[in-house]
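Read the structure below first, then the notes.
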Amino acid sequence: MRVSLQWLQELVQVEPDQLEPSQLAERLSIAGFEVEEIEDLSALARGVVVGYVEQRDPHPDADKLSVCQVRVADGETLQIVCGAANVRAGIHVPVALVGSTLPAVGLTIKSAELRGVASSGMICSLKELGLADSSDGIAILDELLPALPSIGEPVGPALGLEDQVLELAITANRPDGLSMRGIAREVAALCGGHTRFNPVPEAAPLQPLAAAATDLARMEEGGLFSLTALEGVQVGPSPAWLQQRLQRAGVRPINNVVDITNLVMLETGQPLHAFDRDALARGAGGTADPGRVGLRSGRPGERLLTLDGEERLLGEDALVVTHADRPIALAGVMGGMEEAVSETTTAIWLEAAVFPSQAVRRSARSVGLRSEASSRFEKGLPSQVTLAASDRAVALLKELAGASVVGRWCHRRPEGPAEALELRRDALHNLLGPVQSDGEEQDLPDARIEATLEALGCTLKGSEEGWLVQVPPERAVDLRREVDLIEEVARLVGYDRFSAHLPDPLEPGGLTPEQQAERRLRRALTAAGLQECCSLTLVEAGEGRVPLANPLLADYGHLRDTLHGELLQAARRNLQASQVGFWGFEIGQVFHPTNDLPREESLLVGVIAGERRSELWSSSGKPRCPDYYEARGVLQAGLAPLQLPLEDRPGDGSLGEPGLLHPGRCAQLVVEGRPAGWFGQLHPSRAEALDLPDATYLFSLSLQPVLSAATRRNRWQPAFRPFATVPASERDLALVVPEDTTASALLQAIRKAGKPLLEQVELVDRYSGSQVESGSCSQAFRLRYRDERRTLTDEEVQKVHDKVRASLEKQFGARLRS
0 MRVSLQWLQE
10 LVQVEPDQLE
20 PSQLAERLSI
30 AGFEVEEIED
40 LSALARGVVV
50 GYVEQRDPHP
60 DADKLSVCQV
70 RVADGETLQI
80 VCGAANVRAG
90 IHVPVALVGS
100 TLPAVGLTIK
110 SAELRGVASS
120 GMICSLKELG
130 LADSSDGIAI
140 LDELLPALPS
150 IGEPVGPALG
160 LEDQVLELAI
170 TANRPDGLSM
180 RGIAREVAAL
190 CGGHTRFNPV
200 PEAAPLQPLA
210 AAATDLARME
220 EGGLFSLTAL
230 EGVQVGPSPA
240 WLQQRLQRAG
250 VRPINNVVDI
260 TNLVMLETGQ
270 PLHAFDRDAL
280 ARGAGGTADP
290 GRVGLRSGRP
300 GERLLTLDGE
310 ERLLGEDALV
320 VTHADRPIAL
330 AGVMGGMEEA
340 VSETTTAIWL
350 EAAVFPSQAV
360 RRSARSVGLR
370 SEASSRFEKG
380 LPSQVTLAAS
390 DRAVALLKEL
400 AGASVVGRWC
410 HRRPEGPAEA
420 LELRRDALHN
430 LLGPVQSDGE
440 EQDLPDARIE
450 ATLEALGCTL
460 KGSEEGWLVQ
470 VPPERAVDLR
480 REVDLIEEVA
490 RLVGYDRFSA
500 HLPDPLEPGG
510 LTPEQQAERR
520 LRRALTAAGL
530 QECCSLTLVE
540 AGEGRVPLAN
550 PLLADYGHLR
560 DTLHGELLQA
570 ARRNLQASQV
580 GFWGFEIGQV
590 FHPTNDLPRE
600 ESLLVGVIAG
610 ERRSELWSSS
620 GKPRCPDYYE
630 ARGVLQAGLA
640 PLQLPLEDRP
650 GDGSLGEPGL
660 LHPGRCAQLV
670 VEGRPAGWFG
680 QLHPSRAEAL
690 DLPDATYLFS
700 LSLQPVLSAA
710 TRRNRWQPAF
720 RPFATVPASE
730 RDLALVVPED
740 TTASALLQAI
750 RKAGKPLLEQ
760 VELVDRYSGS
770 QVESGSCSQA
780 FRLRYRDERR
790 TLTDEEVQKV
800 HDKVRASLEK
810 QFGARLRS
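Position one of the sequence shown corresponds to residue 0 (numbering that gives the first Met the number 0), numbered consecutively onward.
Okay, structure coming up:
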């Protein structure tokens, strides 16, 4: 948003020093409107004065050059060689004196000789003064200015080049910042002044818009749609003040009708559009009827020639304004060329409407076109100021184009009165704290609070606890709660003015047990050799994925439903980059579709692909990928600090998504008796498709049950155990059990039966083959027995050992291997 300080001075009354450009830019930036650039327009014509061409002679050696005698002061005449075809004697022109610089064209004026003729200065065109994109010749001041300055005076003020323009960056939550009135309110609140807007013009009488029911329903989605018919319009160039105002805002003047709509948009933030009524009638077969105006989605194959001269191919995402079912404008973006106002226009329809922000955003993206209008509609506009903006434009059309109102048709969504927000005095002071005033701390005075909010256009009514605040329609988008009003007061008074203070009462802070467990989990997984990764939440379209309502890019228009996909791609990229392996994990959210809002789930997912080592000599330089049990041990090491009761149950390949895991090399991970995830080897076909090693392993755990189990009471509390001072007794136990019996089940039974003397048990061997019968396997365990107070006898150890063997025989049908 380009803000002219001269225009701003007309809209807000403050002390003159408060509008000093650098100081104002700093205050606006601190308040949230970042000033990206300050453009000093006076620099464009510094050193350029009014000159009078007394004599013009042809150049003796160049047909297209002229030798001019130009008077630039009393008794001072310069000889200037000029190449413009429209230069002649008896005209006033802008003359750049020797030593001046023209920033618009990057030229410093020097004395020179052109084809043997001396030239001291330069007669300027509007382009060279930064007032036009192109020029057919020099600027003739007699034709441009109603009143000529004296010869030798600076030409800048007469051409409006004494202004300064601030370039502001407007955030999405502040659509009021895209209007001069909105910026004026902001400046008034920052500088302790008040606004002085033009009086509200007389409103035209309203008539209901008798359009089709489906069209009226679409119009209600935005809030309001209106048409004002005007006749007797005299289209021509706009006055100089209007053209200068538009140029400083970065808008090209076209004609008085179009310029008025652009001026009102810049002033109020409400885009308007004027249609040529006769052109509408020709397109509809001879009659222009407001009742035939509609609003609908574009149809496949439909085309519209827009004002920029481009033919746009419309689709269902395009929202179009129609007349007699024929597109005449891309709603909220740009009008059609065939219905544009031209020099022959005598009657217009002035459209003032509010369109849904998401619909305008989709529409603009569907045709690859953004405009000044769409940038405002996309941020959301209040319908309460739309007709007032139309009335302002109608008043200017009467004044500058001789128009007269025929009628106005309108359809709006019924809305109740806006509710006032309660602002409690104690809530404001408790949240912001005291301010520094003359070295002392005190609560912000009520008068300053009221003045700040009133400068923003709010209406305040006192109450017992504070105020009831009626927010102006322009700020209804972002001022919806009491805390929003408090933030406005803090922002405009200045955050730096509030003292630092501690909350009352003071309460200890810190991480929750779940947060501590998650941080411990991240550190442990990293220590186990896995690198933490972070992938995008947005992914491409896929079955079962939640789509975004307004995606910025088509390839990233859905929420992810898995984490392992991006990790596998990361592994692929690393291995293709000549890395020996990729061991990584990620903790993040995935999203699943429901009838209401998407369901979020936090997952811990990891990939172990290839090897991870720092030397080659131990394997004679040959690659060695981890096997299933080594990879499972890496995960176990990462989970060990949480002391989780984790159990593996054999899987059949249906874990995860179909075709993801090897059917014979995967397991379901059970926490506290409930399934919490899975671990397994990547399916060979999937590994081949991704150019990954066969020995690639994946794991996935639902984070919530893991953290819940990890934060059980006393889970991490260390218990003191003295070093043993008596010897232990070890026994080996080799059993033949059914082949589907898991070692974990046997270990659990051994620990239970061996209490209280069993200190440790571990699996030392597993065998299946010709030495044992078919359908069975041999599993050997080493058990350690110890009593912390005394040395055990062989009889005592054997008694417990026999108890363990009997328990295994009863539960699993185990028998000693001979």
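The C-beta atom is built at its ideal place from N, Cα and C for all residues, glycine as well.
Less than 9 Å between the beta carbons of residue i and residue j, yes or no?
i    : j    : result
R375 : P471 : no
V66  : V92  : no
H428 : L452 : no
P174 : V49  : no
S701 : G676 : yes
L241 : L223 : no
V796 : S728 : yes
P342 : V234 : Per the sequence presented here, residue 342 reads as Glu, with Pro not at that position. It is a contact, given that the beta carbons lie within the stated cut-off.
R407 : P204 : yes
L478 : L420 : yes
L821 : E33  : Any property of residue 821 remains undetermined from this structure, which presents the chain solely from 0 to 817.
V725 : R783 : no
F354 : L318 : yes
P592 : G543 : yes
F811 : A744 : yes
Distance, Cα to Cα, residue i vs residue j?
i    : j    : result
S601 : F780 : 38 Å
A187 : R244 : 21 Å
L82  : I169 : Position check: residue 82 holds Gly in this sequence, whereas Leu was assumed. If I take the Cα positions, the gap works out to 44 Å.
P238 : L40  : 20 Å
D60  : P20  : 49 Å
A666 : S619 : 33 Å
Q12  : A228 : 36 Å
H410 : L294 : 12 Å
L349 : E9   : 27 Å
Q703 : A686 : 30 Å
S403 : Q206 : 17 Å
H193 : R184 : 8 Å
L459 : V468 : 5 Å
G509 : T710 : 15 Å
V482 : V250 : 37 Å
L651 : Y627 : The amino acid at residue 651 is misidentified as Leu; the sequence shows Asp. If you take the alpha carbons of D651 and Y627, they lie about 15 Å apart.
V669 : F719 : 29 Å
With DSSP run on the structure shown, which of helix, strand or coil describes residue i?
i    : result
L96  : coil
A61  : strand
E531 : strand
W715 : coil
I122 : strand
I448 : helix
G663 : strand
R55  : strand
M179 : helix
S699 : strand
L313 : coil
T740 : coil
A243 : Ala is not the amino acid found at residue 243; the sequence shown has Gln there. If DSSP states are grouped into helix, strand and coil, Q243 belongs with the helices.
G587 : strand
I90  : coil
Q797 : helix
G676 : strand
Here's the rule: buried if 16 or more other CB atoms are within 10 angstroms of the residue's CB, otherwise exposed. What is residue i?
i    : result
V104 : exposed
L4   : buried
R572 : exposed
H682 : buried
Y696 : buried
P507 : exposed
K109 : exposed
Indicate whether at least one CB of chain B lies closer than 9 Å to the CB of residue i.
i    : result
P198 : Any reference to chain B falls outside this structure, which holds one protein chain only.
**Request:** Within the segment 450-514, note down every full beta strand (DSSP E) run reaching 3 residues or more, in order along the chain.
**Result:** 458-461, 465-469
**Prompt:** Counting only runs that start and end within the segment 597-628, where is the beta strand (DSSP E) found for 3 or more residues in a row?
**Reply:** 598-609
**Message:** If we require 3 or more residues per run, which beta strand (DSSP E) segments fall completely within the segment 137-182?
**Reply:** Listed in chain order, they are 163-168.
**Request:** Entirely within the segment 368-452 and at least 4 residues each: give me those alpha helix (DSSP H) ranges in chain order.
**Result:** Listed in chain order, the complete alpha helix (DSSP H) runs (minimum 4 residues) inside the segment 368-452 are 371-376, 385-400, 424-431.
**Request:** Would you list, in sequence order, the uninterrupted beta strand (DSSP E) runs of no fewer than 3 residues that lie entirely inside the segment 245-323?
**Result:** 271-275, 292-296, 302-304, 310-312, 318-322
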